[in-house]
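The next block holds one structure in the form of structure tokens; read it before the comments.
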């Protein structure tokens with residue numbers, strides 16, 4: 023399996039992959055200045071050909087960049103990485119290229135889209151819908167029936183009460199408490215969280 027990305031997020035994904043018995047063949051990055059340098063015990067390789075068909079996971083936390091990379095390598099064999107300590111109900115659906123970190127809990131009836139991140143200690147309760155390219159931050163808690171739109175970022179330690187909808191490409195600030203639905207393309211934060219800025223660009 024190959025990894026795309028060389029930051030701290032990549033370190034965590036690599037550890038999870040190794041615990042699952044994967045062998046890391048290559049680590050790729052677009053930064054030519056870092057090519058041929060070491061990332062742990064592995065030498066960083068240069069940009070991948072767009073026709074790459076091997077096993078690959080994107081180890082980049084930024085949702086927009088993760089989407090761009092997945093579009094670029096559309097025929098890659100995307101791997102899903104789940105840390106052994108994560109607790110996931112048997113009927114949960116997790117899309118290709120997504121990663122579930124240590125201590126995360128995902129309850130029954132929940133669906134996780136493609137290339138999403140369920141970070142360390144995040145708790146997603148029953149019947150939630152998490153779209154593609156979402157990042158649920160560490161120790162965030164989503165009650166039952168929550169829907170999170172494509173590309174949205176839920177900041178560390180945030181809480182969302184049951185049956186709320188968070189729009190597409192929205193950013194929820196760290197420690198926020200969501201008690202109302204939140205629109206697309208906004209930054210929202212606070213207790214209770216309210217939109218403070220809108221951005222019409224994905």
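In this note's numbering, the protein residues as written are 23 to 224.
All C-beta atoms in this analysis are idealised placements derived from N, C-alpha and C, irrespective of residue type, glycine included.
A quick note: this is a predicted structure, and the numbers were derived from the prediction, not measured.
- Within the same chain, 159, 160, 161, 162, 196 and 197 come within 8 angstroms of residue 179 by CB-CB distance, once the 5 residues on both sides are set aside.
- Going by beta carbons, residue 105 and residue 124 fall inside the 7 angstroms limit.
- Under the DSSP definition of a beta bridge, residue 150 lacks any partner.
- Per DSSP, the unbroken alpha helix (DSSP H) holding residue 40 starts and ends at 30-41.
- The residues 127 and 163, in chain order, have a CB closer than 6 angstroms to that of residue 145 in the same chain once the five nearest residues on each side in sequence are set aside.
- Per DSSP, reduced to three states, the secondary structure at residue 85 is helical.
- As summarised for the stretch 67-124, the continuous beta strand (DSSP E) elements at least 3 residues long and confined to that stretch are 77-80, given in chain order.
- Residue 154 sits buried, since 16 or more C-beta atoms from the chains shown fall within 10 Å of its C-beta.
- For residue 155, no beta strand (DSSP E) segment is defined, and its DSSP state is neither H nor E.
- DSSP places residue 210 inside the beta strand (DSSP E), whose first and last residues are 208-212.
- Between residue 176 and residue 186, the C-beta spacing is not below 7 angstroms.
- In this structure, the straight-line span from the alpha carbon of residue 221 to that of residue 215 is close to 17 angstroms.
- With a cutoff of 7 angstroms on beta-carbon distance, residue 168 and residue 140 are scored as not near each other.
- At the C-beta level, residue 203 and residue 190 stay beyond 7 angstroms of one another.
- Shown here for residue 39: same chain residues with a beta carbon closer than 6 angstroms to its own, the five before and five after excluded, namely 103 in chain order.
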